[in-house]
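In the order they appear, the protein sequences are chains A and B. Going by our numbering, the first residue of the first sequence is number 1, and it counts up by one from there. Going by our numbering, the first residue of the second sequence is number 1, and it counts up by one from there. All C-beta atoms, glycine included, are put in the ideal place defined by N, C-alpha and C. One structure is given below, encoded as C-alpha cells.
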Amino acid sequence: MATLFDKLWEMHRIGDAGDGEDLIAIDRLLLHERTGGVALKSLAENGYGVRDAGRVFAIMDHIVSFRSGRSRDEARSPGGEAFIVETRAMAAQAGIHLIDTDNPAQGIVHVVAPELGIALPGLTIACPDSHTCSLGALGALAWGIGSSDAEHAMATGALRLMKPKQMRVTVTGKLAPGVTAKDLALYLIAQYGAAGGKRCAIEFTGEAISALEIEGRLTLCNLAVEFAAFTALIAPDEKTLAYVSGRTFGPQAEQEAAARAHWASLRSDADATFDEEIFLDAADVQPQVSWGTSPEHTASLGASVPDGADPRALAYMGLKAGDGVRGLPIGGAFIGSCTNGRLSDLKAAADILKGRRVAPGIRAVCVPGSQAVRREAAALGIDKIFIEAGFEWGEPGCAMCFYAGGETFPAGTRVMSSTNRNFEGRQGPGVRTHLASPAVVAASAIAGHICAPADILVEGGGA
Amino acid sequence: MPMAFQSHRGLAAALLVDNVDTDQIIPSREMKTVSRDGLGEGLFAGWRYTEPGGREPAPDFVLNRAGQAGTSVLISGTNFGCGSSREHAVWALMDYGIRAVIAKSFGEIFHGNCLRNGVLPIALPADEVDMLAREAGGAVFSIDLASQSLTTEAVPGWTGTFEIAPYPKRLLLEGLDPIGLTLKEAPQIEDFLDADRKARPWVYAAG
Chain A
1 MATLFDKLWE MHRIGDAGDG EDLIAIDRLL LHERTGGVAL KSLAENGYGV
51 RDAGRVFAIM DHIVSFRSGR SRDEARSPGG EAFIVETRAM AAQAGIHLID
101 TDNPAQGIVH VVAPELGIAL PGLTIACPDS HTCSLGALGA LAWGIGSSDA
151 EHAMATGALR LMKPKQMRVT VTGKLAPGVT AKDLALYLIA QYGAAGGKRC
201 AIEFTGEAIS ALEIEGRLTL CNLAVEFAAF TALIAPDEKT LAYVSGRTFG
251 PQAEQEAAAR AHWASLRSDA DATFDEEIFL DAADVQPQVS WGTSPEHTAS
301 LGASVPDGAD PRALAYMGLK AGDGVRGLPI GGAFIGSCTN GRLSDLKAAA
351 DILKGRRVAP GIRAVCVPGS QAVRREAAAL GIDKIFIEAG FEWGEPGCAM
401 CFYAGGETFP AGTRVMSSTN RNFEGRQGPG VRTHLASPAV VAASAIAGHI
451 CAPADILVEG GGA
Chain B
1 MPMAFQSHRG LAAALLVDNV DTDQIIPSRE MKTVSRDGLG EGLFAGWRYT
51 EPGGREPAPD FVLNRAGQAG TSVLISGTNF GCGSSREHAV WALMDYGIRA
101 VIAKSFGEIF HGNCLRNGVL PIALPADEVD MLAREAGGAV FSIDLASQSL
151 TTEAVPGWTG TFEIAPYPKR LLLEGLDPIG LTLKEAPQIE DFLDADRKAR
201 PWVYAAG
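Following this line, the structure appears as C-alpha cells:
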C-alpha cells in the first residue's frame with residue numbers, strides 16, 4: 001500500500017542521511033540564466049565539479065528579450081545580458097547541455113523539458129525555479145530548489161531531504177466546456193488558500209484529471225507551488241506514454257520497452273493512504289479571474305470581491321469589497337508563460353481572436369512558451385490570427401510573466417494575464433495583474449474589459 | 001559556505017502581512033548582479049522606497065521608521081517567502097542584516113534557502129505571532145538555536161519555542177558545508193548509481 005510518491009521516493013533513496021533525512025538521487029538538474037551562471041560559478045569557486053554533466057541542462061528563458069528578431073545576447077532587463085553571457089560561459093566550462101537563445105529548441109525550461117524528453121515519468125528533476133512542479137504532470141518527481149541546493153545536486157548527484165507529507169486531491173465529474181485546468185487550479189487555491197497545500201507532495205487524481213490532456217495537466221501541476229505544495233504528481237497513463245514517446249532525450253529504441261513497462265507501474269496502490277485528502281467536483285468550477293495580489297484572491301468570473309477581502313490587496317488593485325471584476329476596463333493582455341504558453345493555450349486564444357480585433361488602447365502580447373510551440377503555431381496560421389488581431393508576437397521566454405526591469409505596462413494598468421502570479425509589481429511597478437485562462441484573456445482583450453469568451457461570442461465580435 | 005547561527009540578540013520589526021512573496025522581498029528588477037553580495041539595498045524595494053528604482057525612503061514602511069535602524073529580526077504572517085525560488089531573497093535579507101524571520105508559516109523553497117544561508121526561519125502559532133506583532137514590534141528579541149527558544153524584552157515571562165529539523169540545525173550551529181558533508185557519502189552514492197544504471201539505463205543515456 002504505497003503511494004506513487006512513496007514509490008518514486010523509495011526508487012531514488014540512496015540511503016539514510018541521518019538527522020531524519022534521506023539522500024535522494026537526482027536524475028535531471030535544470031538551470032536557467034537568471035541563477036544558473038551564479039550557481040555554476042559558485043560551485044567552481046568552492047572547488048567542486050559537476051558530477052554528471054550529461055544530466056544537467058541549462059536553458060535560456062528568464063530574462064531573454066522577447067522582441068521578435070532579438071539578437072543572441074539581447075535581454076529585456078537593463079544589464080541582463082551579463083546573466084546570459086555568464087551562464088553560457090559557465091555551462092561550456094562545466095560541459096553541461098546548453099540550450100542557448102538561438103537554439104531551435106529554446107524556450108521556457110518547464111515547456112522545453114517535456115518537449116525534449118528531458119522530463120520523463122519516474123525521474124527526479126530539480127531546478128532553481130519554483131514552477132518545476134509542472135513536470136509532475138508526467139509522473140516525474142520534480143520540485144523547485146534554491147541555488148545552493150542546485151550546487152549541491154550538481155556536485156553530489158543527490159539532495160538531502162526530509163520526506164514531506166502527502167495529500168491527494170481527487171476531482172470527480174467533468175469540467176464544463178470552456179473551463180480549463182487553469183480554472184481548476186485557481187479554484188482549488190481560492191477555496192483552500194495559498195498555504196493550503198501544507199508543504200505536501202500532492203497527487204491529483206479522479207475522472208476530471210484523467211480527462212485532461214497532457215498540456216492541461218502541466219498547467220494544473222504548474223500552479224501547485226502557488227498552493228504551497230512541495231510538488232504535484234499525476235500518475236502516468238496511456239496519454240502520458242503516448243506523449244513522451246520518441247522525444248529527443250527519451251529512451252533509445254532498445255530501452256524503450258523496459259522504460260514503458262517501468263512507467264506503467266508508476267501509480268498509487270488502491271489502498272494507499274494520504275496524510276490529507278481534498279475532494280472537488282469539477283462541475284462546481286467556472287472560469288476564474290483573480291481580483292487581488294495573491295493567487296488565493298480569486299473568484300468565478302461573475303462573482304464580486306468578497307467582504308473582508310485583504311485591504312492591502314484591494315488598495316493595490318484599485319478595488320473595494322463588493323466590486324465585480326467582470327466589466328472592469330483593461331489596458332493590457334498577456335498570453336504566455338510556463339503556465340499557459342503551450343500550443344493548446346495559443347489555440348484556445350486564437351479561437352476567440354480569429355476575425356476580431358483587440359480593443360483600442362490595449363497593449364496585447366503573446367509569447368509562445370518555446371520555439372517548437374512558435375513553429376507549430378505558425379504552421380497552423382495561429383501567428384497570423386494573433387498578429388491580425390493586434391497582438392505582438394514574441395520570441396520564446398518567460399517574457400511578461402514577471403518584470404525584470406526594462407519595458408512593461410504603465411503603472412496602474414489593469415492587465416489580463418495567462419500567467420501564475422498576481423503579486424504586487426509582478427508585471428511591473430504598480431501594474432495590476434488579473435490571472436485567468438488564455439481564452440478569458442483573449443476575450444477580455446477583444447472586449448476591452450474583463451469578460452468571458454461567451455460574452456464575445458454573443459456580442460458577435462469586436463471593432 | 002553557510003554562515004553559522006548559534007544565538008542572536010536583535011531588534012525586531014513587525015511586517016504583519018500574509019503571503020509576503022519573494023518578489024516583494026527582492027523585486028526582480030533589483031537582481032542586477034551575478035553574485036550573492038550587495039543585494040541588501042534592494043530588500044523590499046517596492047515598499048521601502050517612494051519610487052520604483054529610486055532610493056528615497058518611504059516614511060511609512062516599517063524598516064524606515066524611527067528607532068528601527070539595525071533591525072535584524074522580522075515578524076510576519078502566513079506563507080512568508082512564497083513565490084519565486086530566487087535565493088536572492090535570502091541573500092538580500094542577509095545583506096541587510098536580517099538574521100531571523102518569525103512567521104506563521106513559510107514558503108517551502110524559501111524556508112530551505114534560509115537554512116542554507118544562516119537566516120533562521122521561526123514558525124510560531126498564529127496567535128503568538130499576532131501577539132508579538134502587537135506587543136513586540138520594535139522590541140529586542142533573544143533567540144537561542146540550541147534550545148530552540150526565544151524571548152523578548154517587551155513580553156516578560158513569555159518564551160517561544162520553535163521546531164527545526166536536526167540536520168539544518170546542525171548545519172547552522174556549526175556553519176558546515178553541506179556539499180562537503182554529503183560527499184562523505186560518495187561510495188554509497190556510487191553503489192546506488194551502479195545498481196540504478198542497470199535498472200533504469202535510459203536515465204543515464206541522455207544526449
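Whole-number beta carbon distance between residue 100(B) and residue 22(B), since they are thought to touch under 8 Å: Residue 22(B) to residue 100(B), Cβ: 17 Å. No contact.
For residue 420(A), which option in 200(A), 338(A), 119(A) and 404(A) has the closest C-alpha, if you only look at C-alpha atoms? 338(A)
In chain order, what are the residue ranges of uninterrupted alpha helix (DSSP H) at least 4 long that sit wholly in the region 28-105 of chain B? 45-48 and 88-96
List the whole-angstrom C-beta distance separating residue 271(A) from residue 1(A), where the pair is believed to meet the contact cut-off of C-beta under 8 Å. 5 Å
Please list, in chain order, the chain B residues whose beta carbon lies closer than 9 Å to that of residue 446(A). None at all; the shortest Cβ gap to chain B is about 29 Å.
Nearest chain A C-beta to residue 35(B) closer than 8 Å, yes or no? yes
With a cut-off of 8 Å on the beta carbons, I'd call residue 234(A) and residue 89(A) a contact; round off their distance for me. With a Cβ gap of about 38 Å, residue 234(A) and residue 89(A) do not count as contacting.
Given a limit of 9 Å on CB to CB distance, which residues of the region 396-409 of chain A reach chain B? 402, 403, 404, 405 and 406
Identity of the residue in 121(A), 170(A) and 274(A) nearest residue 214(A) by Cα: 121(A)
Interface positions of the region 126-152 of chain B facing chain A (Cβ-Cβ less than 8 Å), listed along the chain: Those residues of the region 126-152 of chain B that come within reach of chain A (Cβ to Cβ, closer than 8 Å) do not exist; the list is empty.
In chain order, what residues of the same chain have a beta carbon less than 6 Å from the beta carbon of residue 460(A), not counting five sequence neighbours either side? Interpretation of residue 460(A) is limited by its pLDDT of 48, a score under 50 that renders its predicted location unreliable; no figure is taken from the coordinates.
Report yes or no: do three or more beta-carbon pairs, one from the region 149-157 of chain A and one from the region 181-199 of chain A, lie closer than 8 Å? The region 149-157 of chain A, when compared against the region 181-199 of chain A, does not touch it at the 8 Å Cβ threshold.
Can you tell me whether DSSP reads residue 418(A) as helix, strand or coil? coil
Quick check: the Cα distance between residue 230(A) and residue 321(A), rounded to an integer number of angstroms? Looking at the two C-alpha atoms, the distance is approximately 32 Å.
Presumed contact (8 Å Cβ cut-off) between residue 373(A) and residue 414(A), rounded CB distance: So it is not a contact: roughly 27 Å between Cβ atoms.
With 8 Å as the threshold, decide whether the Cβ of residue 360(A) is near any Cβ in chain B. Taking a beta-carbon distance threshold of 8 Å, residue 360(A) does not count as an interface residue toward chain B.
Within the same chain, show all residues whose beta-carbon is closer than 6 Å to that of residue 81(A), passing over the 5 residues directly before and after it, in chain order. Result list for residue 81(A): 73 and 75, in chain order.
Considering only residues of the same chain and omitting the five flanking positions on each side of residue 278(A), which have a CB-CB separation below 6 Å? 169
Can you confirm whether the region 445-454 of chain A touches the region 106-116 of chain B when touching is taken to mean that 3 or more C-beta pairs between the two stretches lie within less than 8 Å? no
Below 7 Å CB to CB, which residues in the same chain sit around residue 260(A) once its five sequence neighbours on both sides are set aside? 241
Residue 217(A) classed as buried or exposed, judged by whether at least 16 other C-beta atoms fall within 10 angstroms: Classification of residue 217(A): buried, given that the 10 Å Cβ count is 16 or more.
At least one CB of chain B closer than 8 Å to the CB of residue 162(A): is that the case? yes
Partners in chain B for residue 147(A), counting only beta-carbon separations shorter than 7 Å: 87
By the DSSP assignment, the alpha helix (DSSP H) with residue 162(A) in it spans what residues? For residue 162(A), there is no enclosing alpha helix (DSSP H), as DSSP marks it with neither H nor E.
Report yes or no: is there a C-beta of chain B within less than 8 Å of the C-beta of residue 434(A)? no
Could you give the DSSP three-state label for residue 217(A): helix, strand or coil? Look at residue 217(A) here: in three-state DSSP terms it is helix.
Reference residue 158(B); option with closest CA among 40(B), 147(B), 175(B) and 131(B): 131(B)
Residues within the region 3-26 of chain A neighbouring chain B, beta-carbon criterion of under 9 Å: 11, 12, 13, 14, 15, 17, 18, 19, 20, 21, 23 and 25
Mark residue 457(A) as exposed unless 16 or more other C-beta atoms lie within 10 angstroms of its C-beta, in which case mark it buried. Residue environment for residue 457(A): exposed (fewer than 16 other C-beta atoms within 10 angstroms of its C-beta).
Selection from 139(B), 43(B) and 147(B) that minimises the alpha carbon distance to residue 98(B): 43(B)
Close-in-space but distant-in-sequence residues of the same chain around residue 68(B) (CB under 6 Å, 5 per side omitted): Excluding sequence neighbours, residue 68(B) sits near 13.
Using a Cβ-Cβ distance cut-off of 8 Å, determine whether residue 48(A) contacts chain B. yes
Evaluate residue 290(A) with the Cβ neighbour count: other Cβ atoms within 10 Å of its Cβ, from every protein chain shown; 16 or more gives buried, anything less gives exposed. buried
At a CB-CB cut-off below 7 Å, which residues of chain A make contact with residue 203(B)? Neighbours of residue 203(B) across chain A, judged by C-beta separation under 7 Å: 27 and 123.
Cross-chain neighbours of residue 255(A) in chain B, by beta carbon under 8 Å: In chain order: 201, 202 and 205.
Does the region 253-269 of chain A come within contact of the region 126-137 of chain A, defined as at least 3 CB pairs closer than 8 Å? no
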